[in-house]
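Colleague: I have a structure here, written as structure tokens, and I will follow up with some questions on it.
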Amino acid sequence: MEANLLEWEPDRAFGLWHDRAVFHFLVDEEGRSRYLATLRSALAPGGALIVGTFAADGPPTCSGLPVRRYSADELVAQLGGSFEPLELRRGEHVTPRGAVQPFTWVAGRLG
348 MEANLLEWEP
358 DRAFGLWHDR
368 AVFHFLVDEE
378 GRSRYLATLR
388 SALAPGGALI
398 VGTFAADGPP
408 TCSGLPVRRY
418 SADELVAQLG
428 GSFEPLELRR
438 GEHVTPRGAV
448 QPFTWVAGRL
458 G
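Each residue of the sequence shown is one higher than the one before, counting from 348 in the working numbering.
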């Protein structure tokens, strides 16, 4: 299946949502709000989620596109009050060209 996440309407609930490097491309409030609404409608009650974005000191662009960077606290705040963080982590991704890209990772559950 292929779909635009901001237009996708899930037809069932999932137990896990994993996002590595989608959320940070949503630089406007409308896109982030739509993403979070889709996340909440797609994730089963008590479902787990893992989200990775560029860290606050990460690159300001990726593949020529602007990104929004997040600290762990900022990312938890974006996910909202019903999000229960279980683990916060910083990681570093090394690109094929050898550049180091700092990432913020959060894992938890939606209440």
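Using N, Cα and C, we set each Cβ at its ideal position, and we do this for glycine too.
Given this structure, state the Cα-to-Cα distance separating Leu-353 from Tyr-382, to the nearest angstrom.
Modeller: As a first step, residue 353 must be located in the sequence shown, where it is residue number 6. As a first step, residue 382 must be located in the sequence shown, where it is residue number 35. The alpha-carbon atoms of Leu-353 and Tyr-382 are separated by roughly 6 angstroms.
Colleague: Does the Cβ-Cβ distance between Gly-405 and Arg-387 come in under 8 angstroms?
Modeller: As a working mapping, residue 405 is identified with position 58 in the sequence shown. As a working mapping, residue 387 is identified with position 40 in the sequence shown. No, the pair does not count as a contact, with Cβ atoms beyond the cut-off.
Colleague: Could you pull out every residue in the same chain whose Cβ sits closer than 7 angstroms to the Cβ of Leu-422, ignoring the five residues on either side in sequence?
Modeller: Sequence index remark: in the sequence shown, residue 422 carries index 75 (1-based). Counting only Cβ-Cβ distances below 7 angstroms, and skipping sequence neighbours, we find Val-398, Thr-400, Thr-451, Val-453.
Colleague: Are Phe-372 and Ala-391 touching if we call contact CB-CB under 8 angstroms?
Modeller: Within the sequence shown, residue 372 is the residue found at index 25, counting from 1. Within the sequence shown, residue 391 is the residue found at index 44, counting from 1. No, they are not a contact pair.
Colleague: What residue does the beta strand (DSSP E) around Leu-426 start on, and which one ends it?
Modeller: Indexing the sequence shown from 1 puts residue 426 at position 79. Not the beta strand (DSSP E): Leu-426 falls in the alpha helix (DSSP H), residues 419-426.
Colleague: I'd like to check one pair, Pro-449 with Ala-335: are the Cβ atoms closer than 8 angstroms?
Modeller: Here the chain comprises residues numbered 348 to 458, so residue 335 is not present and cannot be evaluated.
Colleague: Please work out which residues of its chain come closer than 7 angstroms, Cβ to Cβ, to Ala-419, disregarding the five sequence neighbours upstream and downstream, and give them in chain order.
Modeller: Within the sequence shown, residue 419 is the residue found at index 72, counting from 1. Hits under 7 angstroms: Leu-435, Thr-451, Val-453.
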